[in-house]
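With our numbering applied, the sequence shown covers 115 to 595.
Here's the structure we're looking at; comments come further down.
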Amino acid sequence: MLQQAIKDIKSLEKQLFEGRVVAIEGLRIEATGPAEALRLGAYARFGGKDGPRGELVGFEGERAVFLACDDVEGLRPGASVCFSAADAVVRVSNSWLGRVVDAFGAPVDGGSSLSEGSISRQIKALPPPAHSRARVSEPMSLGVRALDGFAPCAVGQRMGLFAGSGVGKSTLMSMLARNAQADIVVIGLIGERGREVREFVEDTLGPEGLARSVIISATSDEAAPRRRRAAWMTMSVAEHFRDQGFKVLCLLDSVTRFAMAQREIGLAAGEPPTTKGYTPSVFAELPKLLERAGPGQIVPAGQPQGQITGLFTVLVDGDDHNEPVADAVRGILDGHIVMDRKIAERGRYPAIDVLKSLSRLASHLYSPETAEIARQARKMMSLYSDMEELVRIGAYVRGADPEVDRAVQLSPEIEKILTQHVGDNAPAEETFEMLAQVLGMGIEQPEPNPHIHAAGAAMAAQGGERRSENRASLARQLSGN
Ligand SMILES: Nc1ncnc2c1ncn2[C@@H]1O[C@H](COP(=O)(O)OP(=O)(O)OP(=O)(O)O)[C@@H](O)[C@H]1O
Ligand SMILES: [Mg+2]
115 MLQQAIKDIK SLEKQLFEGR VVAIEGLRIE ATGPAEALRL GAYARFGGKD
165 GPRGELVGFE GERAVFLACD DVEGLRPGAS VCFSAADAVV RVSNSWLGRV
215 VDAFGAPVDG GSSLSEGSIS RQIKALPPPA HSRARVSEPM SLGVRALDGF
265 APCAVGQRMG LFAGSGVGKS TLMSMLARNA QADIVVIGLI GERGREVREF
315 VEDTLGPEGL ARSVIISATS DEAAPRRRRA AWMTMSVAEH FRDQGFKVLC
365 LLDSVTRFAM AQREIGLAAG EPPTTKGYTP SVFAELPKLL ERAGPGQIVP
415 AGQPQGQITG LFTVLVDGDD HNEPVADAVR GILDGHIVMD RKIAERGRYP
465 AIDVLKSLSR LASHLYSPET AEIARQARKM MSLYSDMEEL VRIGAYVRGA
515 DPEVDRAVQL SPEIEKILTQ HVGDNAPAEE TFEMLAQVLG MGIEQPEPNP
565 HIHAAGAAMA AQGGERRSEN RASLARQLSG N
């Protein structure tokens, strides 16, 4: 029965409907076709079933408006249009791990062709229903001191990374891809420079990082529908691994380029521009994309709960943190990490402004002890940043305020802890030990309560088992593919 159903779906995906190109204006192509094929979001190929692709983005009266995904040079009015349902779905398989694919799932790393998985996923899938999603509460070590200490992240949380151009977003992303405690990392590189993709894969990720990653890339020279689709594809790939119970880290660099692609498509389809030329659909599409990350649907007890932890970079134009895309994204996510050009100019990398960064789940993730350490360290940095100017020009006299004296003494030490080399992996516990030492607080070991210890050990063993089960099942599937 199931086999038959799969066959039916496959044959439906292969079913082709024909239409005709009637007008071409740059990348905008108008065409006619049978009513059953003309749906917003449908894909078609022009001039034959292997011709360049286009996405149906709007209607002009009875005519469908397509935006070309590929080069359409040489195309003429009268050319055939083949509609194919297969392009609206993707068949991800575990064999994609370690590979770089484009917006349509074709390999772009020069490697062998990829095998397809058995499940058809909608490229523009809906997030799991809100009421049936698992809760988010398990801390996830990101391996970056400034984040674990001051903007802690939970498994299944969604955070934004806000910074101007060239402040170090992509570099921080690569640190997270290598250091974070995740089973699988799915990385969407949207609108990057072509040079950066290879650099990212070969230099920053390295073979070990790449082995647990899938990279989806649509560079800045690719057409807007491809750039937008690559972001959707990133989420579809993350969902594929989440549904197998893995803890997936999904990194999208950058959401701004997704919004720009959506703006281009909206304008071509005839939408009116609003603030900064962004069309209303940009603000409708952003939450639909970002909501796909987060916890998966609750699974029966004993089965591994899949989660997608999302980290999305936002390019803040001209360092204006209130520009419309940044504003919209900040409202959707569960926390924001702010990077500051001034910190980068001082040479402190990663240039995270811990006083402006916020994790909305922090209070659930800190223990009473670590919360106190973070609070004290923040207080010292905040005091120092208020007094910095005065201290520099010598207007502050030592001894005037013991708290300020302490801040002046400790801030450089805390800055040192926040400085981290790209190749360093810093487990969260180590970060708190370092901070506690600087603050003279000392971390107490928990009371030796035999009951708690036994329960803790059992839970840890279960977690370990689950992870190794995951890995074992992944290994099985990999060898099967
Ligand atoms: N952790 C780091 N250590 C040392 N240098 C860094 C670090 N992070 C960033 N840089 C410096 O900043 C430059 C820009 O970094 P990166 O490409 O990560 O920024 P970006 O914010 O992604 O830029 P864009 O907006 O152009 O995409 C790097 O080429 C490097 O010189
Ligand atoms: Mg970048």
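For glycine and all other residues, C-beta sits at the position ideal for the given N, C-alpha and C.
This one's a predicted model, so the numbers in the text were calculated from it and none came from an experiment.
In chain order, what residues of the same chain lie with their CB nearer than 8 Å to the CB of Pro564, ignoring the 5 residues before and after it? Translated into positions along the sequence shown, residue 564 becomes position 450. Because the pLDDT of Pro564 is 41, which lies under 50, any placement of that residue in the model is unreliable, and the question is left without a value.
Could you check whether the Cβ of Lys283 sits closer than 6 Å to any heavy atom belonging to ligand 1? Translated into the one-based positions of the sequence shown, residue 283 becomes position 169. Placement of the Cβ of Lys283 at a distance of less than 6 Å from at least one heavy atom of ligand 1 is found.
Among all the DSSP beta bridges, which residues are the ones paired with Gln376? Sequence index remark: in the sequence shown, residue 376 carries index 262 (1-based). The partner list for Gln376 (beta bridge, DSSP) is empty, contrary to what the question assumes.
Buried or exposed for Ile298, going by 16 or more other Cβ atoms inside 10 Å? Taking the sequence shown and counting its residues from 1, one reaches residue 298 at position 184. Ile298 is classed as buried because its beta carbon has at least 16 other beta carbons within 10 Å across all chains shown.
Closer than 6 Å to a non-hydrogen atom of ligand 1 - does that hold for the CB of Ser279? Indexing the sequence shown from 1 puts residue 279 at position 165. Because some heavy atom of ligand 1 lies under 6 Å away, the Cβ of Ser279 counts as near it: yes.
Rounded to the nearest angstrom, what separates Ala337 and Ser471 at their Cα positions? As a first step, residue 337 is located in the sequence shown; it is residue number 223 there, counting from the start. As a first step, residue 471 is located in the sequence shown; it is residue number 357 there, counting from the start. Rounded to whole angstroms, Ala337 to Ser471 spans 34 Å at the Cα level.
Would you check if the stretch 187-203 and the stretch 313-326 touch, i.e. whether three or more CB-CB distances between them fall below 8 Å? By the criterion of at least three beta-carbon pairs nearer than 8 Å, the stretch 313-326 is not in contact with the stretch 187-203.
On the DSSP letters alone, give me the boundaries of the alpha helix (DSSP H) that Ile531 sits inside. For the purposes of this step, residue 531 is taken as the residue at position 417 of the sequence shown. Its alpha helix (DSSP H) spans residues 516-532.
Just to confirm the assignment: which complete alpha helix (DSSP H) runs, minimum length 4, are found wholly within the stretch 415-470? 438-446, 455-459
Per DSSP, which residues does Leu275 bridge with? Please list them. For the purposes of this step, residue 275 is identified with residue 161 of the sequence shown, where counting begins at 1. Looking at the DSSP assignment, Leu275 forms a beta bridge with Thr427, Ile451.
Taking the C-alpha atoms as reference points, what is the distance between Ala521 and Glu313? Residue numbering aside, residue 521 sits at position 407 when the sequence shown is read from its first letter. Residue numbering aside, residue 313 sits at position 199 when the sequence shown is read from its first letter. Looking at the two C-alpha atoms, the distance is approximately 40 Å.
By Cβ distance, which residues of its chain are closer than 8 Å to Glu132, with the 5 residues on each side in sequence left out? Locating residue 132 in the sequence shown gives position 18, counting from the first residue. Contacts found: Gly147, Pro148, Ser194, Val195, Cys196, Phe197.
So, is Gln490 buried or exposed, given that buried needs 16 or more other C-beta atoms within 10 angstroms? Against the sequence shown, residue 490 aligns to sequence position 376. With 16 or more other Cβ atoms within 10 Å, it is buried.
Taking the CB atoms as reference points, tell me whether Glu306 and Thr333 lie closer together than 7 Å. The residue labelled residue 306 in the question sits at position 192 within the sequence shown. The residue labelled residue 333 in the question sits at position 219 within the sequence shown. Closer than 7 Å, so yes.
Quick one: is the Cβ of Pro221 within less than 6 Å of any heavy atom of ligand 1? Mapped onto the sequence shown, residue 221 falls at position 107. No, the Cβ of Pro221 stays beyond 6 Å of every heavy atom of ligand 1.
Please check the pair Leu141 and Ala200, which I expect to be a contact at CB under 8 Å, by giving their CB distance rounded to whole angstroms. Indexing the sequence shown from 1 puts residue 141 at position 27. Indexing the sequence shown from 1 puts residue 200 at position 86. At roughly 22 Å, the Cβ-Cβ gap does not stay under 8 Å, so Leu141 and Ala200 are not in contact.
How long is the line joining the alpha carbons of Arg134 and Val428, rounded to whole angstroms? Sequence index remark: in the sequence shown, residue 134 carries index 20 (1-based). Sequence index remark: in the sequence shown, residue 428 carries index 314 (1-based). Those two C-alpha atoms are separated by around 40 Å.
Enumerate, from N- to C-terminal direction, the unbroken alpha helix (DSSP H) stretches of 4 or more residues contained entirely within the stretch 285-356. 308-313, 320-325, 338-356
Is there at least one non-hydrogen atom of ligand 1 closer than 6 Å to the beta-carbon of Val536? Stepping through the sequence shown from its first residue, residue 536 is reached at position 422. Val536 Cβ: within cutoff of ligand 1.
From Arg444, Gln271, Ser395, residue whose alpha carbon lies closest to that of Val362: Within the sequence shown, residue 362 is the residue found at index 248, counting from 1. For the residues Arg444, Gln271, Ser395, the minimum Cα distance to Val362 belongs to Gln271.
Span separating the alpha-carbon of Leu261 from that of Leu504: Taking the first residue of the sequence shown as position 1, residue 261 is located at position 147. Taking the first residue of the sequence shown as position 1, residue 504 is located at position 390. The C-alpha of Leu504 is placed about 29 Å away from the C-alpha of Leu261.
Since I believe Leu240 is in contact with Ala294 (beta carbons under 8 Å), could you give me their beta-carbon distance rounded to a whole number of angstroms? Taking the sequence shown and counting its residues from 1, the one referred to as residue 294 is at position 180. Taking the sequence shown and counting its residues from 1, the one referred to as residue 240 is at position 126. Ala294 to Leu240, Cβ: 26 Å. No contact.
Could you check how far apart the C-beta atoms of Glu399 and Gln376 are, in whole angstroms? I think they sit under 8 Å. In the sequence shown, the residue the question calls residue 399 occupies position 285. In the sequence shown, the residue the question calls residue 376 occupies position 262. About 5 Å; that satisfies the 8 Å criterion.
Measuring straight from C-alpha to C-alpha, what distance separates Asp500 and Met453? For the purposes of this step, residue 500 is taken as the residue at position 386 of the sequence shown. For the purposes of this step, residue 453 is taken as the residue at position 339 of the sequence shown. C-alpha separation (whole angstroms): 19 Å.
Would you tell me roughly how many angstroms separate the C-alpha atoms of Leu366 and Trp346, rounded to the nearest one? Residue mapping note: residue 366 aligns to position 252 of the sequence shown, counting from 1. Residue mapping note: residue 346 aligns to position 232 of the sequence shown, counting from 1. Approximately 10 Å between the Cα atoms of the pair.
Taking 8 Å as the threshold, find out whether the stretch 377-391 comes into contact with the stretch 459-478 through three or more Cβ pairs. no
Just to confirm, does Pro464 get its C-beta within under 6 Å of one of the non-hydrogen atoms of ligand 1? Here residue 464 is taken as the residue at index 350 of the sequence shown, counted from 1. It does: the Cβ of Pro464 is within 6 Å (strictly closer) of some heavy atom of ligand 1.
Per the contact definition of three or more C-beta pairs closer than 8 Å, is the stretch 542-553 in contact with the stretch 481-497? yes
With a threshold of 6 Å, establish whether the CB of Met273 neighbours any heavy atom of ligand 4. As for ligand 4, it is missing from this structure, which binds only ligand 1 and ligand 2.
Excluding the 5 residues preceding and the 5 following Ser395 in the sequence, name in chain order all residues of the same chain whose CB lies nearer than 7 Å to its CB. Within the sequence shown, the letter at position 281 stands for residue 395. Excluding positions up to five away in sequence, the list reads Gln376, Gly380, Glu385.
Identity of the residue in Ala248, Gln534, Leu154, Phe355 nearest Ile466 by Cα: On the sequence shown, residue 466 is found 352 positions in, with the first residue counted as 1. Ile466 has its Cα closest to that of Gln534, out of Ala248, Gln534, Leu154, Phe355.
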